[in-house]
Structures are given as structure tokens and as C-alpha cells.
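Undergrad:
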Ligand code: HEC
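Numbering (this note's numbering), first residue to last: 2 to 202.
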């Protein structure tokens, strides 16, 4: 009897969680706007999958294990000694980030300054966007591409082919729609396709 109650409760709970996930996704237009405007895309790509070429290897946000709070912290403060910039302009002025001030950190340790610092509300919005639309999402799909670039966007055609079971490259996830991020595509191609014998010559 108690067990049945337990399952019923679990089902309601699961439905509530699923429901709030949808709500998050709906209200994440603002987060998407920030993800583009703050150029998260420049390093993590539109899919969030990241990869080589930009300030080292940008983390794969689709596979991140971080909680919303940890993601928010990472965006505000960046990562000490890593390529992830801090988007709070005052991150290292008063110890608000990891208890550290700029003077306590060596030059190579201070995370890069973001080109586009963000207000707390924007950081909140983009962190929620990462959790609702990128974290745990598996391979990028045509629908997700259209949500990002606009319905029917031609840059998403490569995902249409893949979803139909047509052309399927092992590294499809790493490829970028060419028109949108031409320079990135070059870098991605270099990383994933570089013949090893070339490196040895
Ligand atoms: C200049 C390149 C660059 C930009 C711009 C950038 N990132 Fe990053 N990001 C990185 C790198 C590199 C890492 C990996 C750091 C490490 O090795 O720990 C990272 C890590 C992260 C992580 C931690 C993931 C994990 O699982 O550890 C999150 C979350 C994140 N970035 C979100 C964002 C968001 C959101 C934006 C835009 C507001 C953004 N990043 C902009 C380079 C960048």
C-alpha cells in the first residue's frame, strides 16, 4: 500500500519536473539571445559541444555534469588558469569569485576577460538556457538547429540529411553550418580531420 503511494507520488513528481522543463525552454528566448550576444557560440559552438581551437578546448556543455548553480558560477567567474572567460566585469575585484582578487592571481591564472561582460540577470538567463536546451541533449538535431538559427534556416540542411539517415559523418556533431561560422568550420575540420602522418612530417 505504502509502495503504491510512493509510485503515484513519483509519477506526479516526474510529471512536475517534466512540466517545469518545458516552461524553462519556453522562457529561454532571453537566454538564447544572451548565448548569441555574449558569443558563447564563438567557443562552445551553437550546439554547445565546444571543441578545440578556441582558448584550448571549450567544454562540451551537452555533456556537462554541472548544476545550474555551478554553471552560473562558471559564467560569472570563468575558470582559474583556463580559457573560460569571466562574464562578471568585477569578478576579481573583491573576492566574490572563489575568494580571489586579481592581485592574488598570477597573470596566467586570471581567467580571460569576456569581450561582452554580462549583467547578473543575463548570466542567470544564459545559465538557465544551458540547462534547459543544451545540457544532456545528446547529438544536435534539425529542430534544435532551427530553434537556434530560425525555422527553415539553410545552414541547418546538413542536420536534415543526417536525420533522414542520409549522409552520416562520424564527426557530424563537430561540424558547423558553413555560412554561419565559416572560420570555425576550418578549425573544427583541422582538429577532427588532420591526418596524423602530416603532423609527423
Ligand atoms: C573564449 C572562449 C570561451 C567563451 C567565449 C566562453 N567559454 Fe565557456 N568555456 C571555455 C573553455 C576553454 C572551457 C573549459 C574550461 C576548463 O578546461 O575547465 C569552458 C567551460 C565552460 C563551462 C563549464 C562546463 C563544465 O562542464 O565544466 C560552462 C558552463 C561554460 N563554459 C559556459 C559558457 C557560456 C554560457 C558562455 C557564454 C556566456 C561561455 N562559456 C563562453 C571557453 C569559452
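Ideal Cβ placement from N, Cα and C applies to all residues, glycine included.
Bear in mind that the values here come from a model prediction, so they are computed numbers and not experimental data.
By the three-class DSSP mapping on this structure, what secondary structure does residue 85 have?
TA: The answer is coil: DSSP assigns residue 85 none of H, G, I, E or B.
Undergrad: How far does the alpha helix (DSSP H) with residue 118 in it extend, from its first residue to its last?
TA: Segment: none, residue 118 is in no alpha helix (DSSP H) and carries neither H nor E.
Undergrad: Are there 16 or more other CB atoms within 10 angstroms of the CB of residue 155, so buried, or fewer, so exposed?
TA: Per the 10 Å Cβ criterion, exposed.
Undergrad: Quick check: the region 130 to 144 against the region 106 to 116, are there 3 or more CB pairs under 8 Å?
TA: Counting Cβ pairs under 8 Å, fewer than three are found: no touch.
Undergrad: Got a sec? Which residues, its chain only, sit under 7 Å from residue 143 by beta carbon, not counting five neighbours each side?
TA: These residues qualify, in order along the chain: 157, 160, 161 and 164.
Undergrad: State the Cα-Cα distance for the pair residue 71 and residue 140, rounded to the nearest angstrom.
TA: C-alpha separation (whole angstroms): 23 Å.
Undergrad: Less than 8 Å separating the beta-carbons of residue 111 and residue 76?
TA: Going by C-beta atoms, residue 111 is not nearer than 8 Å to residue 76.
Undergrad: Along the alpha helix (DSSP H) that carries residue 35, what are the first and last residues, could you check?
TA: Unbroken alpha helix (DSSP H) run through residue 35: 30 to 38.
Undergrad: Could you tell me the boundaries of the alpha helix (DSSP H) in which residue 72 lies?
TA: Segment 69 to 78, the alpha helix (DSSP H) holding residue 72.
Undergrad: Am I right that residue 51 and residue 58 are in contact with their C-beta atoms under 8 Å? What's the rounded C-beta distance?
TA: Between residue 58 and residue 51 the Cβ distance is about 7 Å, and since that is below 8 Å, they are a contact.
Undergrad: Pick from 30, 31 and 65: whose alpha carbon is nearest that of residue 45?
TA: The shortest C-alpha separation from residue 45 is found at 65.
Undergrad: Sort out for me which residues DSSP pairs residue 101 with in a bridge.
TA: Looking at the DSSP assignment, residue 101 forms a beta bridge with 98.
Undergrad: Just list the residues that DSSP pairs residue 59 with in beta bridges.
TA: According to DSSP, which records beta bridges pairwise, residue 59 is partnered with 52.
Undergrad: Report the rounded CA-to-CA distance for residue 61 versus residue 85, giving the unit in angstroms.
TA: Taking the straight line from one Cα to the other gives about 12 Å.
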